[in-house]
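These notes concern the structure reproduced below.
Residue numbers (the UniProt record's numbering), protein chains in the order written: chain C, 1 to 447; chain G, 1 to 293.
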């Protein structure tokens with residue numbers, strides 16, 4: 001009798017454990033993300049998520065942007081299945097979505113409020129009416145400048161300067177003997193580094209990557225003018241060794257008070273106004289990105305978003321997580337813990353309806369205006385066959401812009417003349433596009 | 001069992017291992033050959049098609065192709081020069097007995113055990129950084145402007161890092177070789193009034209001929225594949241100033257995701273390495289037979 005009871009007890013316990021186990025199915029989500037400040041905060045806050053979702057464990061793979069992109073791309077293209085959540089941008093989301101490499105995110109719960117997401121931003125992540133990623137933060141490029149230095153020299157920053165005006169300001173602000181350089185700009189090679197900025201300069205000079213017949217346009221006057229202007233500006237009035245500087249390097253330089261002006265992603269605003277991270281927190285001014293011949297495509301649009309690869313076996317858990325990390329309560333939680341100006345920007349209209357946020361974050365208005373103004377569907381003065389302001393939404397873009405970025409970074413350090421470099425670029429891009437079958441050499445040359 | 005039958009059994013038993021080793025080598029090679037004749041962009045898997053030799057033509061006409069060949073040759077050549085000349089001089093210097101000889105020798109050899117990425121990071125951040133590096137500190141203490149090594153002298157900087165890594169290997173081989181040198185012959189020469197230089201030129205250097213040949217061959221094959229040092233320090237740039245053949249293959253494969261062109265480049269690198277090693281084996285074969293005579 002006693003023995004039977006003992007066995008029953010053991011069996012009951014085992015059954016209970018089994019049931020409990022299946023109720024809280026253990027899931028480990030592997031999340032690949034970038035080492036930018038906002039993502040690092042997400043990683044820090046995710047312990048709260050683990051507490052409210054027992055059984056779900058988050059395994060973080062935090063990498064530098066270029067390395068992450070290589071890892072994610074090779075993983076998803078070979079159906080490796082290493083990741084359950086991927087941090088991808090406005091370039092990858094539509095391409096991968098169209099390849100069916102990502103799970104569509106349809107029928108999102110009502111309290112997630114999809115319509116609160118910026119329409120411009122949501123469109124970047126949508127293919128054929130299906131949303132393939134949810135935006136974590138979005139950015140336009142804007143101009144950062146030092147209000148104190150402008151005042152000291154009697155200069156006024158217009159609401160939207162031209163690149164020529166930026167040059168004039170830079171000549172007056174440049175004071176290397178006191179450790180202040182006129183203007184800091186991206187010089188580091190890469191399609192997401194120097195080519196992002198240069199793409200917007202070329203656009204504002206009236207240039208474009210391809211004509212409607214996909215013929216590359218790099219050997220045209222707007223490209224020559226824009227690249228010459230960029231190299232001249234940065235090598236005369238920029239910090240030493242600009243070809244090493246990308247977003248993070250320039251952010252550090254500006255925060256240390258070394259730059260008079262800086263044109264880059266609006267997301268830097270959160271760091272620059274934070275006295276803990278910036279020596280110039282109360283001296284930063286914000287305005288629109290410079291235009292020149294045209295305003296069109298002079299400010300870029302980039303979205304960092306969270307997506308779920310088709311190869312995951314834990315779709316539901318992954319979906320719950322990415323909805324949490326991009327939800328309104330999450331944004332509020334970041335604001336509570338790290339200060340309102342650290343709220344991930346550019347994704348939700350409600351953020352910009354909050355008076356407290358608009359008052360605390362001096363960059364919020366210009367971010368909002370810029371994000372509303374950008375139009376990835378019509379990025380240039382002349383018509384183009386592609387979407388995207390500082391990128392071209394075709395798989396070959398990565399190859400051609402990497403190559404062009406490398407050669408221009410070389411020209412920036414004095415290796416090769418601009419004319420000759422652009423001529424080489426034109427030939428190289430033509431080769432790639434012909435090889436990929438975008439145009440026939442003879443057909444494209446017909447009027 | 002006759003000895004002939006025994007050999008046959010031995011051969012038979014060795015077959016599985018041989019087959020596995022063969023497959024180990026041939027499968028990746030065959031895949032590379034296959035992909036080198038396909039148009040295959042990793043981002044566009046549905047579009048792959050047979051293109052014949054187009055990938056090779058594409059790789060050979062890539063704007064950085066000739067620069068990468070030149071950079072590879074300069075890198076291999078200068079590192080060999082530094083390690084062989086420096087290695088011989090240093091090993092002769094530490095050959096005679098002096099207090100602390102063991103420790104000095106160990107320190108000389110230790111850089112070889114530092115991983116390439118770690119060595120590159122150390123040089124980039126602690127030594128050659130134009131603001132906080134050790135060289136910059138020396139320059140500013142002497143009232144000079146620090147050199148921005150990896151931006152202004154990129155290839156030279158990479159050569160310095162790689163030479164620092166491989167010099168210990170040369171020293172190791174030469175020090176060992178010098179231990180087998182005939183001391184009596186050296187003493188006899190000294191008694192006949194030979195100067196240190198004469199001994200070095202007529203006795204030491206001929207004795208080191210074979211070790212030098214070995215060092216050149218082994219290093220050349222490894223130096224053709226230098227990648228980590230470039231990846232960590234300059235990323236092939238600025239422009240293509242430090243892009244060598246392996247780095248060019250990497251840009252095709254992992255920055256442009258062009259599997260076809262990368263495979264073509266990989267095969268080219270294999271051919272290049274084989275050419276160099278055939279050339280060196282010939283050269284060394286000659287020197288070995290000359291030494292035996």
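Glycine included, C-beta positions come from ideal geometry on N, C-alpha and C.
Sort the options by Cα distance to residue i and report the nearest one.
i	options	result
residue 415 (chain C)	G:258, G:132 and G:64	G:64
residue 169 (chain G)	G:34, G:13, G:257 and G:105	G:105
residue 190 (chain C)	C:411, C:435 and C:406	C:406
residue 180 (chain C)	C:156, C:236 and C:229	C:236
residue 223 (chain G)	G:160, G:176 and G:204	G:160
residue 250 (chain G)	G:225, G:274, G:125 and G:273	G:225
residue 37 (chain C)	C:65, C:27, C:28 and C:80	C:65
residue 278 (chain C)	C:297, C:299, C:254 and C:291	C:254
residue 111 (chain C)	C:391, C:369 and C:324	C:324
residue 82 (chain C)	C:89, C:72 and C:390	C:72
residue 44 (chain G)	C:54, C:78, C:69 and C:46	C:78
residue 39 (chain C)	C:304, C:241 and C:203	C:304
residue 144 (chain C)	C:136, C:151 and C:157	C:157
residue 163 (chain C)	C:358, C:224, C:205 and C:385	C:205
residue 57 (chain C)	C:85, C:370, C:70 and C:41	C:85
residue 311 (chain C)	C:228, C:350 and C:76	C:76
residue 299 (chain C)	C:284, C:389 and C:41	C:389
residue 129 (chain C)	C:335, C:98, C:368 and C:48	C:98
Distance cutoff 9 Å, beta carbons only. Does residue i sit that close to anything in chain C?
i	result
residue 262 (chain G)	no
residue 47 (chain G)	yes
residue 152 (chain G)	yes
residue 265 (chain G)	no
residue 54 (chain G)	yes
residue 235 (chain G)	yes
residue 280 (chain G)	no
residue 122 (chain G)	no
residue 251 (chain G)	yes
Residues of chain C with CB under 9 Å from residue i, in chain order?
i	result
residue 239 (chain G)	189, 243, 406, 407, 408, 409, 410, 411, 412, 413, 415, 416 and 421
residue 34 (chain G)	Simply none; closest approach about 16 Å.
Mind listing the chain G neighbours of residue i? Cutoff is C-beta to C-beta under 9 Å, in chain order.
i	result
residue 398 (chain C)	43, 255, 256 and 257
residue 431 (chain C)	58, 61 and 62
residue 309 (chain C)	The contacting residues do not exist; residue 309 (chain C) stays about 14 Å from chain G at best.
residue 158 (chain C)	Going along chain G, no residue has its Cβ under 9 Å from residue 158 (chain C), so there is no contact; the nearest lies around 34 Å.
residue 73 (chain C)	42, 43, 254 and 257
Compare the C-beta of residue i against all C-beta atoms of chain G and say whether one is closer than 9 Å.
i	result
residue 248 (chain C)	no
residue 21 (chain C)	Below a pLDDT of 50, predicted positions are generally treated as unreliable, and residue 21 (chain C), at 45, falls in that range; the measurement from the model is reported next regardless. No, its Cβ sits nowhere closer than 9 Å to a Cβ of chain G.
residue 437 (chain C)	yes
residue 119 (chain C)	no
residue 427 (chain C)	yes
residue 77 (chain C)	yes
residue 70 (chain C)	yes
residue 87 (chain C)	no
residue 234 (chain C)	no
residue 395 (chain C)	yes
residue 402 (chain C)	yes
residue 99 (chain C)	yes
Taking residue i as the query, report the chain G residues whose CB atoms sit under 8 Å from its CB, ordered along the chain.
i	result
residue 240 (chain C)	130 and 148
Taking C-beta to C-beta, are residue i and residue j nearer than 9 Å?
i	j	result
residue 169 (chain C)	residue 260 (chain C)	yes
residue 132 (chain C)	residue 172 (chain C)	no
residue 195 (chain C)	residue 408 (chain C)	yes
residue 238 (chain G)	residue 410 (chain C)	yes
residue 307 (chain C)	residue 114 (chain C)	no
residue 128 (chain G)	residue 91 (chain G)	no
Can you pull the chain G residues whose beta carbon is under 7 Å from the beta carbon of residue i, in chain order?
i	result
residue 95 (chain C)	43
residue 424 (chain C)	63
Inset, instruction - Assess, as a yes-or-no matter, whether the segment 255 to 267 of chain C is touched by the segment 207 to 218 of chain C under the definition of 3 or more beta carbon pairs within less than 8 Å. - result: No, they do not touch.
Legend entry - Contact the segment 112 to 120 of chain G vs the segment 217 to 232 of chain G: 3+ CB pairs below 8 Å: Put simply, the segment 112 to 120 of chain G touches the segment 217 to 232 of chain G. At least three CB pairs are less than 8 Å apart.
Legend entry - Touch test, the segment 362 to 378 of chain C against the segment 54 to 62 of chain C, Cβ-Cβ under 8 Å, three pairs minimum: No, because fewer than three Cβ pairs between the segment 362 to 378 of chain C and the segment 54 to 62 of chain C fall closer than 8 Å, the two stretches do not touch.
Inset, instruction - Check whether the segment 326 to 346 of chain C touches the segment 137 to 151 of chain C, taking contact to mean three or more Cβ pairs, one atom from each stretch, closer than 8 Å. - result: With a cut-off of 8 Å, the segment 137 to 151 of chain C and the segment 326 to 346 of chain C count as touching, because enough Cβ pairs lie within range.
Inset, instruction - Indicate whether the contact test is met: 3 or more Cβ pairs, each with one atom in the segment 115 to 123 of chain C and one in the segment 240 to 248 of chain C, closer than 8 Å. - result: With a cut-off of 8 Å, the segment 240 to 248 of chain C and the segment 115 to 123 of chain C do not count as touching, because too few Cβ pairs lie within range.
Legend entry - Sufficient close CB pairs (3 or more, under 8 Å) joining the segment 194 to 211 of chain G to the segment 269 to 276 of chain G: Note that the segment 194 to 211 of chain G does not touch the segment 269 to 276 of chain G; fewer than 3 beta-carbon pairs, one per stretch, sit closer than 8 Å.
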